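Participant: Below: one structure in structure tokens.
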Amino acid sequence: MTAPQDVPTSPALVHTDRTDRTDMPRSNLDWVTTLAVPGPAHEEALRDLHALMVRAARHQVWRMRGLVPGIGAGALDELANGAADDALVALLSKLGTFEGRSRFTTWAYKFAVLEAAVQVRKQAWRGREVSFEDVTVVFGVRGEDRVGPAEELEALDLAAALGRAMSEVLTSYQRRIAVALLVDEVPIDVLAQRLATTRGALYKTLHVVRARLRAALADSGHLPPRADARGPEPARPVEEVSS
Amino acid sequence: MSRRLTSLTAGQVGALTLATEPYLSCEQCFDLVDEYVESVVAGRPHAAPPGLEEHLAGCAACAQEAHTLLELVRE
């Protein structure tokens with residue numbers, strides 16, 4: 497494995513990391529220099545980094561194991577190890593971009609977490625069909641969500657207006673993406689793979705879909721008219737976001 | 009022939025109409041999430057870059073990964 501040679505030298509890299517669970521804590525600068533520059537410490541740093549990434553990948557895989565109920569512990573571990581291997585390669589290719597804005601281990605974890613999550617989602621949907629046909633929207637709100645007559649009427653009115661907006665202000669492609677991601681709950685990585693596009697491109701489409709729907713609902717009086725008005729579910733800190 | 013959608017849950021209605029401005033891409037979220045998670049652990053969640061919390065509310069995959077990262081950093 498070849499490591500990049502451009503080593504960032506920001507003062508922030510001097511921060512010592514004590515969360516790496518290796519015998520000897522390394523500073524951010526230690527991590528970057530030993531990984532980037534061939535030498536006696538290089539192989540040891542690579543081994544330690546791989547161990548960190550396996551740990552992070554395992555954590556993600558076990559957190560998502562409910563999505564792949566037919567897979568045993570051994571196969572889950574294999575999946576985590578494979579994800580850690582791929583994540584290590586991805587990290588090393590971006591080592592020169594590390595700016596020391598976080599601990600190196602936190603920065604490394606995110607590569608392993610991303611790769612493990614993507615692989616579990618793909619495994620969970622392997623062999624499953626993804627419906628991508630256009631939809632005609634004629635709907636209300638399901639019975640279990642009705643909490644009382646007034647709320648029910650309001651919800652049905654909003655849903656009906658949303659249905660009209662989906663038909664009128666979205667293109668067929670936008671509608672299919674929105675339904676696949678938010679109604680059928682196809683994971684974004686899986687949909688990206690099936691459509692030969694990227695997660696980023698799909699999220700951008702979803703962002704435009706939401707903006708168009710909100711504008712239409714504001715025009716019809718179902719949402720506040722302000723362009724920057726909050727939606728029905730305001731953004732929440734990450735620890736409150738359901739996973 | 010297109011498929012007919014005849015019902016949505018309240019959660020789906022909320023997800024379809026969620027305000028996710030200012031726009032932040034999944035790639036930008038990935039770039040920023042490690043620093044953000046450390047700020048949450050340090051008790052400074054309001055230090056979130058513009059658009060990051062909106063992105064996490066609107067992107068289930070990024071939110072799931074951010075949550076795991078938070079758990080790992082807290083351990």
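Protein sequence lines correspond, in order, to chains A and B.
The first sequence begins at 497 in our numbering and counts up by one.
The second sequence begins at 9 in our numbering and counts up by one.
Where is the CB? At the ideal position from N, CA and C, for every residue including glycine.
Owing to the predicted nature of the structure, the values given are computational and were not obtained by experimental measurement.
#1: If we ignore side chains and look at the alpha-carbon of each, how far apart do His-703/A and Ser-33/B end up?
#2: Between which residues of its own chain and Trp-527/A is the CB-CB distance below 6 Å, once the five residues before and five after are set aside?
#3: Mind listing the chain B neighbours of Glu-539/A? Cutoff is C-beta to C-beta under 9 Å, in chain order.
#4: With a CB to CB cut of under 6 Å and the five nearest residues on each side skipped, what residues in its chain are close to Arg-517/A?
#5: Can you tell me the Cβ-Cβ gap for Ala-604/A and Ala-553/A, rounded? I've got them flagged as a contact below 8 Å.
#6: From Thr-17/B to Asp-573/A, what does the alpha carbon distance come to, in whole angstroms?
#7: May I ask you to report which of helix, strand or coil DSSP gives Val-634/A?
#8: Looking at C-alpha atoms only, which residue of Leu-677/A, Ala-714/A and Leu-713/A is the closest neighbour of Cys-67/B?
#9: Would you decide whether Pro-683/A is buried or exposed? Buried here means 16 or more other CB atoms lie within 10 Å of its CB.
#10: Taking Tyr-669/A as the reference, which of Pro-720/A, Leu-698/A, Arg-660/A and Arg-561/A has the closest Cα?
#11: Assuming Arg-11/B is part of the beta strand (DSSP E), what are its boundary residues?
#12: Interface residues of chain A around Arg-11/B at Cβ under 8 Å?
#13: What are the boundary residues of the alpha helix (DSSP H) that includes Glu-62/B?
#14: Please name the residue in Gly-19/B, Glu-29/B, Arg-82/B and Val-45/B whose C-alpha comes closest to that of Arg-597/A.
#15: Can you pull the chain B residues whose beta carbon is under 8 Å from the beta carbon of Pro-683/A, in chain order?
#16: What residues from the region 42-58 of chain B come within 8 Å of chain A, judged by C-beta to C-beta, listed N to C?
#17: Is the region 706-714 of chain A in contact with the region 688-698 of chain A, if contact means three or more CB pairs nearer than 8 Å?
#18: Would you kindly work out how many angstroms separate the C-alpha atoms of Ser-663/A and Val-633/A, rounded to a whole number?
#19: Can you find the residues in the same chain that come closer than 6 Å, C-beta to C-beta, to Glu-650/A, ignoring five residues on each side of it along the sequence?
#20: Alpha carbon to alpha carbon, what distance is there between Leu-542/A and Glu-648/A?
#21: Name, going along the chain, the residues of the region 551-575 of chain A whose beta-carbon falls closer than 9 Å to a beta-carbon of chain C.
#22: State the DSSP-derived secondary structure class of Ser-627/A, mapped to helix, strand or coil.
#23: What whole-angstrom Cβ distance do Ala-583/A and Glu-611/A have, given they're in contact under 8 Å?
#24: Taking only three categories from DSSP, how would you classify Arg-522/A?
#25: Are any of the Cβ atoms in chain B nearer than 8 Å to that of Tyr-699/A?
#26: Run through DSSP, which three-state label would Asp-581/A get?
#27: If you count every other CB in all the chains shown that lies within 10 Å of the CB of His-54/B, and 16 or more means buried, which is it?
#28: Whole angstroms are fine: how far does the CA of Arg-82/B sit from the CA of Ala-532/A?
#29: Is it buried or exposed for Glu-61/B, if we count other Cβ within 10 angstroms and need 16 for buried?
#30: Is the shortest distance between the beta-carbon of Lys-618/A and the beta-carbons of chain B less than 8 Å?
#31: If you drop the 5 nearest sequence neighbours on each side, which residues of the same chain put their C-beta closer than 7 Å to that of His-63/B?
Facilitator: Inspection of the coordinates gives the following:
#1: 9 Å
#2: Phe-600
#3: Correct list: empty, because the minimum Cβ distance to chain B is about 25 Å.
#4: Low confidence applies here, because Arg-517/A scores a pLDDT of 46, under 50, leaving its location unreliable; read the following figure in that light. Excluding residues within five positions, none has a Cβ falling inside 6 Å.
#5: The pair is not a contact, with the Cβ atoms about 11 Å apart (cut-off 8 Å).
#6: Thr-17/B and Asp-573/A: Cα-Cα distance of roughly 36 Å.
#7: Here Val-634/A sits in strand by DSSP.
#8: Looking at the Cα atoms, Leu-677/A is the closest of the given residues.
#9: buried
#10: Leu-698/A
#11: 11-16
#12: Chain-order list of chain A residues neighbouring Arg-11/B: Ser-627, Glu-629, Asp-630, Val-631 and Thr-632, by C-beta distance under 8 Å.
#13: 60-66
#14: Val-45/B
#15: Ala-68 and Ala-69
#16: Those would be Asp-42, Glu-43, Tyr-44, Val-45, Glu-46, Val-48, Pro-53 and Ala-56, in chain order.
#17: When C-beta atoms of the region 706-714 of chain A are compared with those of the region 688-698 of chain A, fewer than three pairs fall below 8 Å, so the two segments do not count as touching.
#18: 7 Å
#19: none
#20: 58 Å
#21: Considering every chain present, this structure includes no chain C. Its protein chains are A and B.
#22: coil
#23: 4 Å
#24: DSSP, reduced to helix, strand and coil, places Arg-522/A within a strand of the structure shown.
#25: Residue contact check for Tyr-699/A against chain B: a CB pair falls below 8 Å.
#26: Helix, per DSSP.
#27: exposed
#28: 28 Å
#29: It is buried - the Cβ of Glu-61/B has at least 16 other Cβ atoms within 10 Å.
#30: So no, Lys-618/A is outside the interface.
#31: Thr-28, Leu-32, Cys-37 and Cys-70
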